[in-house]
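Per my numbering, the sequence shown starts with residue 6, numbered consecutively.
All C-beta atoms, glycine included, are put in the ideal place defined by N, C-alpha and C.
Quick caveat, the model's predicted, so the values are computed rather than measured.
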Amino acid sequence: MNRAFQNVLVTGGAGFIGSNFIRYLLHQADFHGRVINYDILTYAGNLANLDDVVQECGQNGRYVFVRGDICDRESVEEVVRRYDIDTVVHFAAESHVDRSIHDPSAFIKTNVLGTQVLLDVARQAWQGRQDVLFHHISTDEVYGSLGNEGAFREDTPYDPRSPYSASKAAADHLVMAYFHTYGLPITLSNCSNNYGPYQFPEKLIPLMICNMEERKPLPVYGDGKNIRDWLYVEDHNAAVWIIMKNGKAGEKYNIGGETEWENIRLVEELCKIYAELTGTPLGEITNLITYVKDRPGHDRRYAIDCSKLKDELGWQKAHDFQSGLQKTVQWYVNNKSWIGNVQSGEYMKWIETNYGQR
Ligand code: NAD
Ligand code: TDX
6 MNRAFQNVLV TGGAGFIGSN FIRYLLHQAD FHGRVINYDI LTYAGNLANL
56 DDVVQECGQN GRYVFVRGDI CDRESVEEVV RRYDIDTVVH FAAESHVDRS
106 IHDPSAFIKT NVLGTQVLLD VARQAWQGRQ DVLFHHISTD EVYGSLGNEG
156 AFREDTPYDP RSPYSASKAA ADHLVMAYFH TYGLPITLSN CSNNYGPYQF
206 PEKLIPLMIC NMEERKPLPV YGDGKNIRDW LYVEDHNAAV WIIMKNGKAG
256 EKYNIGGETE WENIRLVEEL CKIYAELTGT PLGEITNLIT YVKDRPGHDR
306 RYAIDCSKLK DELGWQKAHD FQSGLQKTVQ WYVNNKSWIG NVQSGEYMKW
356 IETNYGQR
């Protein structure tokens, strides 16, 4: 059965990955539909992330923005009915682990209850149709923490350890439950750490670049030897589009960069790239590196086995880490007004209290 992809509801489309996804999808020659971006615009959602899309497509042509909360059932029903939605790509979430440690409640509400509302509205609107799709965006963090060896596979048992990953795991289970119980056509992807333009400067890579710009300390948690697997955001989004087109309903797919780096090595690499790009003496930047107290329950290592996605659906990443990092540093250096615009609010005060001055 061919999927329709005429009216695609992207939740969380004003955030980091969602805005890059909308840009990516509208540029695909094999996508002819319309994108409805449904986002409540939390601190992490910024419509400036889509200025170029609006310029290219206009508002209310192939691209439409609707401000709304995924937890608000009436509002979700209205948007699904009004725009005759046949596809949901569900990015909307509270996404930052440190915030979930500070206050888990918003994570349970948005990530768990919000996902259930979307699933339920889709199920009722679609009434057993099979040319529709609910694609759920999830994370490798649901699988827990690895030792020195091994990688997460799709059949690795879930073992979430932060309020964030617990809320994402609960959402994943609900998505699977709607497939098994109601036959809702779903696909699900679990991706490793993304990086690239428009990422809110609370996550490791953009935070480090922004602090370099301001010559503020570069806070490294614990011993700096925690390992993450990194993927350029466009490679993630290319994988999502391939899964939407060719993934089997009811299946989950891991997405990863096969690029494992210790945090401290990554920070040192960012210092090098930044110093070279801006013509700053390297020592002036590396001197900013500051070890701070560790994140509670800090997962030690993530690694992804994405052979299912590569072997079954033919996905390959297009960006190597070095060129991706260079592009990313350059983007932040070139977009200081975007940084100033998004970098305000209470959260920064909280993080300074908990992790020291940045
Ligand atoms: P983000 O925090 O940058 O953006 C989240 C977006 O969701 C924001 O635009 C926000 O306004 C919106 N949103 C939040 N609550 C909402 C609500 N109740 N109703 C409507 N919109 C709401 O997040 P991101 O980094 O782009 O992550 C997107 C998705 O990808 C999340 O589901 C996240 O769990 C997942 N993911 C992220 C990464 C990563 O490295 N960033 C890796 C794997 C998976
Ligand atoms: O200031 C910092 N110093 C530091 O050492 C920050 C913000 C992070 N870190 C460490 C913690 C992690 O080991 O860097 C690593 C990466 O941290 P984050 O950027 O906060 O990402 P992480 O916790 O790994 O989670 C991310 O990847 C998976 C996203 O935030 C999630 O949304 C996604 O699901």
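As computed with DSSP, residue 196 is found in a beta bridge with 144 and 260. Bridge partners of residue 224 according to DSSP: 295. For residue 122, the uninterrupted alpha helix (DSSP H) segment begins and ends at 120 to 131.
By the CB criterion at 8 Å, residue 67 and residue 84 fall outside the cutoff. In this structure, residue 140 sits near residue 248, with a CB-CB distance shorter than 8 Å.
For residue 248, the enclosing alpha helix (DSSP H) stretches over residues 238 to 251. Measuring C-alpha to C-alpha distances from residue 195 to each of 14, 124, 309 and 155 identifies 309 as the nearest.
Taking the CA atoms as reference points, residue 117 sits about 44 Å from residue 289.
Residue pairing of residue 266 in beta bridges, as defined by DSSP: 233.
By the neighbour-count definition (other C-beta atoms within 10 Å, threshold 16), residue 99 is a buried residue. Non-local C-beta neighbours of residue 46 in its own chain, meaning closer than 8 Å and more than five positions away in sequence, comprise 19, 52 and 72, ordered along the chain.
Put simply, of 76, 156 and 87 the residue whose alpha carbon is nearest the alpha carbon of residue 262 is 156. DSSP, read as helix, strand or coil, puts residue 14 in strand.
In this structure, residue 232 lies near residue 307, with their beta-carbon atoms less than 8 Å apart. Between residue 188 and residue 96, the CB-CB gap reaches or exceeds 8 Å.
C-alpha of residue 24 to C-alpha of residue 88: approximately 19 Å in a straight line.
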